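Reviewing the structure listed below.
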Amino acid sequence: METLYAVTTGVLSACGLYLTLRGRTFPVVVGLTLLSYAVNLFLFSMGGLTTDGPALVHGEGVYADPLPQALVLTAIVIGFAMTAFVVILAMRARSELGNDQVDGKKEDRE
Amino acid sequence: MAFIAEALVSLMLVTGGVFVFIGSLGMAHLRDFYMRLHGPTKASTLGIGCMLVASMGYFWGVDGHIDIQEMLITLFLFITAPVSAHLLAKTGLHLRLKHAKKTGGVPFELRDEEVGKKPVPHPDKGHG
Amino acid sequence: MMQHLVVFPIVVPLVAGILLLYRREGLIRFKRAVSVVATLMLLAVSMALVGRASSGEILYYALGDWQPPFGIVLVLDRLSALMLLLTSVLALGAVVFACAGDDEKGSNFHGLFQWQLLGINGAFLTGDLFNLFVFFEVLLLASYALLLHGGGKARIQSGVYYVVMNLAGSSLFLIAAGILYGALGTLNLADMAIRVAELPADRQGLVTAGGLILLVVFGLKSAILPLYFWLPRAYAAAPAPVAALFAIMTKVGIYAILRVYLLIFGDAAGPLAALEQAWVWWLGLATLVASAVGILSSRDLRLLIAYLVLLSVGTLLVCAGMRSEVSASALLYYLIHTTLITGGLFLLAEMIGVQRGKAGTRLVKARPLVQGKALSLLFFIGAIAVVGVPPLSGAIGKALVLAAADDAQRLWLWPTLLFASLASLVALSRAGSTLFWRSAHGSPSGSRLPALQWFGVIWLLSAAPLLVVFAHPVSVYTQATAEQLANPERLTEALLSPSRGHL
Amino acid sequence: MITPRKWLPTPVLSLLLLFVWLLMARSYAPGQILLGGTLAILIPLVTYRFWDGHMQIKKPRLLVRFILRVLKDIVIANFEVARLLINPWKRLNPHFIEYPLMLEERFTITVLASTISLTPGTVSANLRLDGKSLLIHVLDIEDEQALIEQIRERYERPLKEIYEC
Amino acid sequence: MTLLWIALLPLLGVLVPLMAGRRSRLTCSLATMVAPAIALGLTLWQIPSLNAGESLRFFADWLPELGLALAFRLDGLSLLFNLLILGIGLLILLYAHFYLSEEEPVGRFYSFLMLFMASMVGISLSNNLLLLWLFWELTSLSSFLLIGFWSHQNDARKGARMALTVTGAGGLALLAGILLLGDIVGSFDMDQVLASGALIVEDARYPVMLTLVLLGAFTKSAQFPFQFWLPNAMAAPTPVSAYLHSATMVKAGIFLMARLHPALSDSALWQLVVPIVGMITLLYGAWFAFLKTDLKGILAFSTVSHLGLITVLLGIGTPMAVLAALFHILNHATFKAALFMISGIIDHEAGTRELKMLGRLRKTMPITALLLTLAAASMAGVPLFNGFLSKEMFLTETLESPLLGGLSWLMPVLATIASILSVGYSVRLVIAVCIKKPRQPSPKAPHEPPRMMRLPVEILVGLCLLVGILPAFMATGLLSLASQAVLQEPLDFHLSIWHGFKLPLLMSVVAFVIGGALYWQHAHLRKFKESFAPVDAARVFERALVSLGQRCEQLIAVWDGQSLQRYMGWLLLATFIMGAIGLSQITELTGDLGNQPVDGIVVLGAVMLIFGGLATAITHRYRLISLLMLSVVGLFVALTFARFSAPDLALTQLSVEVVTMILLMLALFFLPQKTPPESSAKRNLRDIVLAGGLGGVVASLNYAVMTRESFSISQFFMDNSVPGGGGHNVVNVILVDFRGFDTLGEITVLALAGLAIFKLLNRLRLFIPHSDSEGRIWSPDRYPAILTSISLALLPLALLVSAFIFLRGHNEPGGGFIAGLITAVALILLYMARGVEWTQQRLDFPFQPVAVVGVAVATLTGLGSWLFGHPFLTSAFGYFSLPVVGKFELATALLFDLGVYLAVVGATLMILANLGKVTTAHRPAVNATKSDDAGTNKESL
Amino acid sequence: MLSVALTITSTLVVIALILNLYRLVIGPDLPDRVLALDTMYVNSIALIVLLGLWLGGKTYFESALLIAMLGFISTVAVCKYILRGDIIE
Ligand code: NA
Ligand code: NA
């Protein structure tokens, strides 16, 4: 299971990273979002993968490590805030610069 | 849990699964978008409903008292599924998606003779 | 109240921000008053904290009363106290300058400014890796907003670079923090240090990976080569008071490098000790070279100053890369100097640009300045200080840095740093003579600059002579700080042995 | 003086909300009833302003009957559709129907459209902008007129009675 | 203390003219002179103590960490220099009073001059190497200001910058040299340094150190090949030239060599480099002085030449050579200062410095012409002038020095040639200016200057004569003190006019004869020189700087490229390398725990995620499709969280995912719907390799951590969640209590995002497309009726669910954040269904205050704990019981969570609703056919 | 018996999801993909229910509820986007 999980994280990161290397703002934003999903999965698994052990303490039992979960929660929220900002920035950049290239300098070829 | 109960739960569960499957199958293999729309709207919704009933029954059997909170999800689905389908159909009509040839009563928005074959490009060429 | 003093640098801007942001429009006088008063309070608090820290005692503040390593702690040692004081001094200059009118060029300036301070102070105080991430994000998002204050193409474009790079950096931070948590099982930096010292062999690679990826993140923040590209244009485009405040932002990265690597990867870390050293050293040198090239290529005063920031970053990084007590002390002295002076220069550039009319800060012939004399005097002071020519602070800073290198390091450092200094000398003398001497004919036009702006600039640039006059007391403090940093076990003891240090 | 009306603008909705609350809370303790009751009063008060016109259920008993009928139809519809879907070799006769509406209120039209979508082989595809007719897609049609009649009698009239008369 | 005052007085004197600048000019000039006069007096007052062999020192610690101290010494060498600096300085001030025109800002000029004087005094008095460097650099700066004083002149600006650049570079080298020297000696204290000659010379770092120090000295003293800046510095007002380039600044380098002579000179390297450089400079300067046609140019090159001479002497380094050097310093300063002042007078009165426009001054300006002739005679080394004496000593030393081994004859020969040239240019100067007829008329009719303007010249020329005639009386005392200081032992010498018929005299005679003859051949020589392409140092330098700037710009353009793609590439590459280094140190990737078994649903999840991720990347050019794919990933990430025991995360991820989708679509509306194919195959491959590589690193690290046992501190949270935090949902207790501080930061970030986005949207005017990317005009149904009714029906339900999730969060999955998002999403649904205007009318609360109040509530909850003497954010909870209600829990954490809830609702709505608002007011009519308003209308934020 | 039923149902749901993915990938038109995504949301509720039955707990009830709610909203948003471009107007 760990192998599969790690491969998934890796593939998602790779896809996200690939998109962040694109030349237009929107794919970059999508890439960053995808990357943050991957990173959340990564961070989440740092306490190990636990089946049937949500950290709701009502007695004895096996519990998943709650700390990475709390961290991921924070990371999701912050990631959301950042994504929101960057996508609006992309929009504004298009309006100011006349195209949606990340470098904002070349002619819009459409 | 009593055998009968378990059997009922199991039956309900499998029924649900089958409906879920059928809904998606219909969506996967039917010939045009308007027909594909039927599967998920009805079958999947009912399938989930069945499974939720199975779940309710199961926990009734296990915990000994009945919680019908699953009904809430079913309620939600029954409220929302037709609206989703409606909106999807609207988008299909808006985009003038192809329909199966033998479809009858084709409405005006899908008829070429009413609105022309291709969308007339707007002078400002959209926003590409 | 005194027992809560350590959390004040966070609470004050937080509350001030709340007051300022509650209403979006109007009340500009009220907002200015709140912002300035809050910054003054911050200054007072930081001074008190420096006073507390200078005794050498390491204090911590357990938020929520959860003791380390479980809860989040704020750590006050000489280093963090110094950084707080530096921030508040810089902030006061910037905020007063902004009150002259820059704050009205967009919405919510003062609130964002205070929250930016919140993020910076939090980053300086926290003793927890993940909390550091959170404060990084606070300061970044605030800086994104402030960078765009006032609008304009250049800001938007540089904003895209800045934001996207830092967003990717945030993801990397999470990966690094995750690995370190996974391998070490804790988030408290002091606790990490203890655990690294007893690390099983099969986890060393993981901690190495985590530590080095973290270095990429800090390198990005501090603008090390080849991750510095976001800096020059962003700093050049930012509104003056914001650019001035940004002078501390790269130092947050430097601070993080000092804090994390001296503590966690100190001598006790065995095979992992000084994990970052070679990278920071060599890339710091390369950063110096890149900054020199940038300095020589700049045709705009703001861009030039931005590259001077990069130069200071390079200098600080090589200092960090030397990793000795002497070099740490030199680093801190230089850091104080460069932060305040480059901050002041950004403010000054704005004033000069305004008086030059259309030409702005571009280094071309333009109309003469209305207040050319005073501006040129300040520019001269700032330039001397930043180049490192006596008799101002830069000279002492540079001499300290040069002297801190050992024989092997000198071979690389001296030529590089001296050539970079020469480059800045050449560029600044050219800039100065173009700005103040090579004016077009005609009488100066335009209005005189507001007093608040003068205050902001003079407030910051007066550091140049003051740091020379009080070089000894300052360097006594920095040396004591360096000594404290060189002995991280004091910090771990103070935090993790229950009887000591708790406020 | 605040009239009870203002306190409780939509008693049915409030009851429904209380019921849902108890469903979710999985407890009928007095505390939960109190809490749920408070919310059931508060939420309509907050959201009341969003209703343009206020729906009155005229004949609740009829509503219950209607719901049961629809549920039955849904189950049947699904078996029907399942049959159609599983057997792709059966020739389907898809068809669009322009259904002239008798209902006028938007809400009741919505209920009708939803009902149509959930029941045998029909999906309401578009409510015309004038609100006078509903475009329905039928998966496999046998008799167009019969279908229109069936919808009218089985769903539209009851709805009209429940809400609009 | 006296020493401190001598050093400080000129420095304080900097302020005097600035303050007196508003007064009359005379007041200003006189006031300025006070400080240096006192300093001079104080210096002279010390002579008896010096003669008595007392060592005069002042010491105060400044920065012991660096070895910098405020340490001064006054010995013979400093005395010599101080007298020159202050004495000539006073004369210059007097002279400048007449020289500068009425309009010029004399106060500023004086204060620059005083700054310069102060720094020179500092150099000569410093008893600490670093202090010396401090003053050294200060001379560069003040001379920059002085040379550039006439800043409206192009030459002045360029000359100033060139001087600063060259001397500044030298100063940097000097700093390095001094640091190295201090390191070798172990102190920067001059006394210690001077006493450690042997130690220094034997140190392995000596050659490097010496090179660096000499670089400093040579640049400052305009030695070859750094001589070029000096002639260009002549753009300065003449008092400046007279002061800087005769008496003081250029002598700083000489001073340094003399000062460090005992410590550095005892090596073959010194004795090789210094004399040779000096000799080249001597000849070079003399040659060009001979050929220059500009009065100041001649003087400037002559200065270069004489500096070379002194350098040669210091290089030779024998006691007598040192004496000669010191003597020549004194002599050169007097006659050259005089000559510069004269040239200034001529310039002032005749309006030109060009030789061809000058002539016959003996008629028009007889006294000045006489003074010129006398000073020139001294420069040429005519007997009975001071120049003759030191030159004779120079020639003697070149003969006696064993330098260059078998080529030792070369030195006297070259020295003679230099003397010939020096005679040549002196003769030329006198004849061209005073005797010959001008070839062109001068701009002004020359006449004698004011009496007082000539006074300084007269004093100096008088000194030349006095010293020349009565050398023993005039100079012995000073020179013996000075030489003792340099040589560190008393030197027995006798200065006299006549040394008998010896070889040096012959050499002088030869010089006079041939030099005189040379003057007559001057025209031919000039032609010879002009056959070479003229090399204008200033131009070359200026061009070099410009081209350096351009090169750097090109370099930056190539290296930086303004390409975010490249920057990201670097970032990822750096991360890849770092991660790979870590991985390479892991011997066994799989840890002790190994793999858990896989089930079908997990495989499905992985397939969905991998597929979704790949599809997002592959379809990225079709942006909406890519978004749908991203949505699949989002959904399955949530399911993954659910699968692995993280219900809170699943809920959060789900709600965030939907909001993100909506947000991305809102923005996408204003962006191109498709990305044109523009990446080359190479670039794509590169990106795939880079992204794939880093993905591999991430996967490996992930795997390595997961298969190792966790040593987490988490058990503490498990154990304390209920007793300490009052909640059963540990994740929530961590969020609102154990690590509530993180959460406070997190909601601040969220509120900040709202504020930042508001800033971005402020006054943004966007072009609203009339049709989609395929040219299809939008559907006319703005608010589909069915959607409207349903969203209204869902609203109360959603709010109820939101309240439910909020209230139970502490004990079960949920909490303020998720509840907030549900509320926000429900309202957003309303926005979608009914539009901004309609919704806004009914939802009349402003979002920013809500978000801020959220943060405020959380903060106040945290601050509340202060009232009970607990740290910030300390939680409290209790179980209470009421008759009907029964037992229930109240916790401050709930209040904190309320803050979170409000912040989330406020910020999310602020983002989405404001974004929606951007367009609403400006939407053109649906069926508009005109596209006049299609352009984007931009305004500032 | 229940476990057999669980296995069968799981298999059916998994196949259903793969069919959704198939439709999502091949399209051919946007509404097809949106429909596929919408169905995927609905079907993932089934996954959650199955998970609950398998683990014997109701911890994930809220997740299912949210999927039902949010899946709908996201479908609405995409449809609005296709129909009107401006989803909040
Ligand atoms: Na919109
Ligand atoms: Na809108």
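Here the protein sequences line up with chains A, B, C, D, E and F, keeping their order.
The opening position of the first sequence corresponds to residue 171 in the numbering used here, with each subsequent residue numbered one higher.
The opening position of the second sequence corresponds to residue 1489 in the numbering used here, with each subsequent residue numbered one higher.
The opening position of the third sequence corresponds to residue -10 in the numbering used here, with each subsequent residue numbered one higher.
The opening position of the fourth sequence corresponds to residue 571 in the numbering used here, with each subsequent residue numbered one higher.
The opening position of the fifth sequence corresponds to residue 2 in the numbering used here, with each subsequent residue numbered one higher.
The opening position of the sixth sequence corresponds to residue 555 in the numbering used here, with each subsequent residue numbered one higher.
We treat Cβ as the ideally placed atom computed from N, Cα and C, and that holds for glycine.
Computed from a predicted structure; not experimentally measured.
Practice task
Using three-state DSSP, classify E:L891 as helix, strand or coil.
Solution key: strand
Handout entry: Buried/exposed call for A:E172, threshold 16 Cβ in 10 Å
Key = buried
Practice task
Return the bridge partner residues of D:V693 from the DSSP annotation.
Solution key: D:H707
Practice task
Classify E:R552 as buried or exposed, calling it buried when 16 or more other Cβ atoms lie within 10 Å of its own Cβ.
Solution key: exposed
Practice task
Return the first residue and the last residue of the beta strand (DSSP E) that E:A61 is part of.
Solution key: L57 to L64
Practice task
Pick helix, strand or coil for E:L69, following the three-state DSSP scheme.
Solution key: strand
Handout entry: Counted within 10 angstroms of its Cβ, other Cβ atoms place E:V559 as buried (16 or more) or exposed
Key = exposed
Problem - Spatially closest choice to C:Q442 from C:Q473, C:A89, C:F59 and C:R67, by CA coordinates - result: C:A89
Problem - Simplified DSSP assignment, three categories, for C:Q473 - result: helix
Exercise for the section: Would you kindly check if the distance between the Cβ of E:L910 and the Cβ of E:F848 is under 7 Å? Expected result: yes
Handout entry: One or two residues paired with D:P670 in a DSSP bridge
Key = D:S703
Exercise for the section: Could you pull out every residue in the same chain whose Cβ sits closer than 8 Å to the Cβ of F:L566, ignoring the five residues on either side in sequence? Expected result: none
Handout entry: Spatially closest choice to E:S484 from E:A322, E:D649, E:F502 and E:R109, by CA coordinates
Key = E:A322
Exercise for the section: Check whether the stretch 217 to 233 of chain A touches the stretch 791 to 808 of chain E, counting contact only when three or more Cβ pairs, one atom from each stretch, lie closer than 8 Å. Expected result: no
Problem - Nonlocal neighbours in the same chain, by C-beta distance under 6 Å from C:N155, ignoring five residues either side - result: L129
Practice task
Could you pull the start and end residues of the alpha helix (DSSP H) that D:F589 belongs to?
Solution key: P581 to A595
Handout entry: Partners in chain A for F:L609, counting only beta-carbon separations shorter than 7 Å
Key = D222
Handout entry: Cβ neighbour criterion (16 or more within 10 Å) applied to E:S497
Key = exposed
Practice task
Could you check the C-alpha separation between E:M366 and E:T44 for me, to the nearest Å?
Solution key: 37 Å
Handout entry: Length of the line joining the Cα atoms of E:A618 and A:G186
Key = 7 Å
Handout entry: Bridge-paired residues (DSSP) for A:Q271
Key = A:R194
Exercise for the section: With 7 Å as the threshold, decide whether the Cβ of C:S434 is near any Cβ in chain E. Expected result: no
Exercise for the section: List the DSSP bridge partners of E:E355. Expected result: E:D295
Practice task
Classify E:H811 as buried or exposed, calling it buried when 16 or more other Cβ atoms lie within 10 Å of its own Cβ.
Solution key: buried
Practice task
Closer than 6 Å by C-beta to C:V131: which residues in its own chain qualify, once you throw out the five before and the five after it? Chain order, please.
Solution key: Here residue 131 of chain C is Ala; the residue named in the question, Val, does not match the sequence. Same-chain partners within the cutoff: L101, W104, Q105 and G108.
Problem - Residue span of the beta strand (DSSP E) that contains C:V62, given as start and end - result: V62 to L65
Exercise for the section: Following the continuous beta strand (DSSP E) through E:F878, name the residue where it begins and the one where it ends. Expected result: F878 to L883
Practice task
Check whether the Cβ of F:V632 sits closer than 6 Å to any heavy atom of ligand 4, and report yes or no.
Solution key: Ligand 4 is absent from the structure shown, which contains only ligand 1 and ligand 2.
Practice task
Please name the residues in the stretch 784 to 807 of chain E whose beta-carbon is closer than 8 Å to at least one beta-carbon of chain B, in chain order.
Solution key: P785, I787, L788, I791, A794, L795 and L798
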